[in-house]
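Residues in the sequence shown are numbered consecutively from 1, following the UniProt record's numbering.
We put the beta carbon where it would ideally sit given N, CA and C, even for glycine.
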Amino acid sequence: MFASVDDNNDGELNAPEFADFERIVRARAVETSKKALRVVDTDGSNTLTMDEAKRIAFEHYGFDENILTPFFDQADENEDGHLDAVEFAGFRSVIRSKAVRNAVEVLKEIDLDGDGLVSMPEAEEKTKREDDMETHETATLFNIADQNKSGKLDKVELADFIRLVRLSAIRFATDHFKEFDANRDRLVTVDELAQLIETKYHVPFDVTKEFFNKVDVDGSGDLIPAEIVDFR
1 MFASVDDNND
11 GELNAPEFAD
21 FERIVRARAV
31 ETSKKALRVV
41 DTDGSNTLTM
51 DEAKRIAFEH
61 YGFDENILTP
71 FFDQADENED
81 GHLDAVEFAG
91 FRSVIRSKAV
101 RNAVEVLKEI
111 DLDGDGLVSM
121 PEAEEKTKRE
131 DDMETHETAT
141 LFNIADQNKS
151 GKLDKVELAD
161 FIRLVRLSAI
171 RFATDHFKEF
181 DANRDRLVTV
191 DELAQLIETK
201 YHVPFDVTKE
211 FFNKVDVDGS
221 GDLIPAEIVD
231 FR
């Protein structure tokens with residue numbers, strides 16, 4: 001991409017060349033956005049609604065409505081309450097930037113050798129402690145996120161790794177939903193969780209209820225798989 005706009009082949013971009021570079025990057029971002037939009041556009045409107053944005057941002061990154069709303073409003077340039085492909089490209093960029101900033105804070109916590117990167121053992125320690133993830137699954141997700149195959153994750157790659165781990169945990173919670181749903185009504189309530197947790201971990205009901213209320217981001221009184229992941 002760089003070489004295609006470096007007209008004088010000097011290895012640097014002057015102002016006109018950089019403008020061309022930005023235009024190409026933007027066009028590619030919009031094309032990627034169009035493909036992503038087809039996946040998340042559940043109502044077939046060819047746009048992204050706030051409800052669709054909330055679902056995808058919460059599942060992928062754990063962002064709740066309070067975090068999401070300013071980003072959505074910023075991207076919604078014509079203020080019609082929907083994001084088209086161009087607006088969605090901007091929205092994805094802002095959301096990803098937020099995820100990378102969050103990853104920087106995580107990096108500080110798990111970078112045990114202080115090299116500014118996350119090694120496989122450091123990643124394994126995090127996922128084992130927080131998600132009870134098996135070593136082989138962590139390794140698979142680590143290698144996917146390690147785009148330059150350096151054996152370590154920088155802040156951008158770590159953001160992708162965290163997202164992949166979250167999605168894997170959600171799939172696990174979805175597959176094992178029946179274990180939480182004691183009465184098989186396809187809802188997981190505080191009473192069901194409290195009974196399970198008190199039996200297994202001897203945690204009192206009041207403590208379970210406090211955490212339940214924190215992760216029940218939609219205030220529905222029951223937990224979807226993504227909320228169960230946050231509860232864990």
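A direct Cα-to-Cα measurement between Leu-37 and Asp-160 gives close to 19 Å.
Using a Cβ-Cβ distance cut-off of 8 Å, the stretch 98-115 and the stretch 151-166 are in contact, since at least three pairs of beta carbons, one from each stretch, lie closer than that value. Under DSSP, Thr-49 shares a beta bridge with His-82. One Cα belongs to Gly-90, the other to Lys-200, and the distance between them is close to 45 Å. Note on geometry: alpha-carbon atoms of Met-133 and Ala-53 lie some 28 Å from one another.
Sequence-distant Cβ neighbours of Ser-33 in its own chain, meaning closer than 8 Å and more than five residues away, are Ala-85, Val-86, Phe-88, Ala-89 and Arg-92. In the three-state DSSP reduction, Val-118 falls in the strand class (E or B).
Straight through space, the alpha carbons of Leu-68 and Val-94 are spaced by roughly 10 Å.
In the three-state DSSP reduction, Lys-152 falls in the strand class (E or B). The Cβ atoms of Val-229 and Ala-145 lie no closer than 7 Å to each other.
Taking C-beta atoms as the reference points, Thr-189 and Ile-197 fail to come closer than 7 Å. Burial state of His-202 is exposed, judged by a 10 Å Cβ sphere holding fewer than 16 other Cβ atoms. Counting along the chain, Asp-113 sits inside no alpha helix (DSSP H), nor does DSSP assign it H or E at all. Note that the C-beta distance between Leu-83 and Leu-48 is below 7 Å.
In the three-state DSSP reduction, Ser-97 falls in the helix class (H, G or I). Around the beta-carbon of His-176, fewer than 16 other beta-carbon atoms lie within 10 Å, marking it exposed. Taking the C-beta atoms as reference points, Val-118 is found no nearer than 7 Å to Leu-141. Per DSSP, Glu-134 is not a residue of any alpha helix (DSSP H), being assigned neither H nor E. C-alpha of Leu-193 to C-alpha of Asn-78: approximately 43 Å in a straight line.
For Asp-115, the number of other beta carbons within 10 angstroms of its own is below 16, and it is reported as exposed. DSSP, reduced to helix, strand and coil, places Ser-168 within a helical segment of the structure shown.
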